[in-house]
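Residues in the sequence shown are numbered from 9 upward in steps of one, following the numbering used here.
Here is the structure we will look at, set down as structure tokens.
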Amino acid sequence: MDSVIFDDLDRGLVHALEIDGRAPFSRIAEVLGVSESTVARRYRRLRAHGQCRVVGVRDVRRTGQPTWVLRARCSPAATDAIGFALADAPEAAWVQGCSAGTEVWCSVRADPADEHNLALTRRLGRTPGVLAVTAVRVLRVVVGGPQSFSFTSKLSAAQQNALASAAPAVSWDGPPPEPSTLDAPLLRALSVDGRASYADLARTCRVSEAAVRRRLDVLRRAGVVFFEQETDLTALGHGTTALLWMTVRPSRVAAVSDAVASHPAVAFAAVTTGAVNLSAYVACRDVGELYGVVVDGFGALDGVEHIDTAPVAVTYKREGTVARGRRRG
């Protein structure tokens, strides 16, 4: 399908979903000043074009699940096969081909029983076309998660408050709830469609609608699950995305992380193990703006010793489970 360029209503809808991904269309419509049917129709259109989707995500800061970043240098002829294979792995997210198809990177939420992510890393290392694999563990996420970036900023403060005040209040007081047998099928379903109705979730999980509603409310309020809005950044005018792999002097990691976190082009950033100890995902209008971010922005920060810039060429998978198929970065 052809891409849809976002208009003001699309941007308002996207911003609303960033605030509360499961907000009823009726509430979003009231905030935007349009009809509920208009909001529902716009969302269905954008989702059909692969440009807007809400997915349910575990918050690893709350669950303590180990997270790794894998970077595979590969033969250009094998990039698609490697990217699609990683996209099929349920533990992998943000699978993208970079640097003109010479590498693939992804984020991996490791199974607690395999804290060091040995199984996937070894499997990737044996894959034909993979020339080298670098794996680093995430120590701290500085941009991302429930309070993630926003490239829309379309709604007024009053509109944002109207949506945020109606969302479930999240509290990290006390330990997370004990796991339930309902969690795995529920989270799998939400990773495909975070806006699935309670009735659909109940049918998928083979439990009552009331049971699904109660469990999801518990998980949301405990901060175990949040809803992320996946957006086609090109439709928002950000035609150039890239991974920045930075080597930062250890004594300056905290200060540089703060500076990176405050930059408006940064969609995700994390402190990691390894020589390249700070990674950032940036979205820019064009290569000129990317130059400014790398050279005038982060390259000028005290403590930044090296930046490896890898432009994103293709996205195989974002956060949630997806059907097989190439997508633009």
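Don't be surprised by glycine CBs; every beta carbon is placed ideally from N, CA and C.
The distance from the Cβ of V226 to that of G64 is about 14 Å, inconsistent with a contact at the 8 Å cut-off.
For D181, the closest C-alpha among the options G231, G41, R148 is that of G231. Under the criterion of beta carbons closer than 8 Å, V215 and G328 do not qualify as touching, at roughly 22 Å. With a cutoff of 8 Å on beta-carbon distance, V303 and V256 are scored as not near each other. Under the DSSP assignment, V295 falls in the alpha helix (DSSP H) whose first and last residues are 295-299. Within a 10 Å sphere around the beta-carbon of V144 sit 16 or more other beta-carbons, which makes this residue buried. When only Cα atoms are considered, L224 and G29 end up about 13 Å apart. Listed in chain order, the alpha helix (DSSP H) runs fully inside the stretch 82-163 are 87-96, 126-133, counting runs of at least 4 residues.
Using a 10 angstroms sphere on the CB of H23, the tally of other CB atoms reaches 16 or more, which defines it as buried. When DSSP states are grouped into helix, strand and coil, A288 belongs to the strand group. D18 and R50 have their C-alpha atoms some 7 Å from each other. Just so you know, the alpha carbons of I90 and N169 end up roughly 43 Å apart. According to the DSSP secondary-structure assignment, V312 is paired through a beta bridge with V256. Taking C-beta atoms as the reference points, R148 and R66 fail to come closer than 8 Å. In the three-state scheme derived from DSSP, where H, G and I count as helix and E and B as strand, R70 is classed as helix.
Taking a cut-off of 8 Å on C-beta distances, the stretch 105-115 touches the stretch 73-91, as three or more cross pairs fall below it.
In chain order, W180, P184, A230, G231, V232 place their CB closer than 8 Å to the CB of R70, counting only its own chain and leaving out the 5 sequence neighbours on each side. In the DSSP assignment, Q237 is bridged to V62. If the five residues before and after I13 are omitted, its C-beta is found closer than 8 Å to the C-beta atoms of A243, all from its own chain and listed in chain order. As a beta-bridge residue in DSSP terms, W76 pairs with V116, R145. Between A80 and L132, the C-beta spacing is below 8 Å. The three-state secondary structure of V215, taken from DSSP, is coil. The alpha-carbon of R211 is positioned some 13 Å away from that of R196. According to the DSSP assignment, V200 belongs to the alpha helix (DSSP H) that extends over 191-200. Distance check between V77 and each of L251, P32, G305 places L251 closest, using alpha-carbon atoms only.
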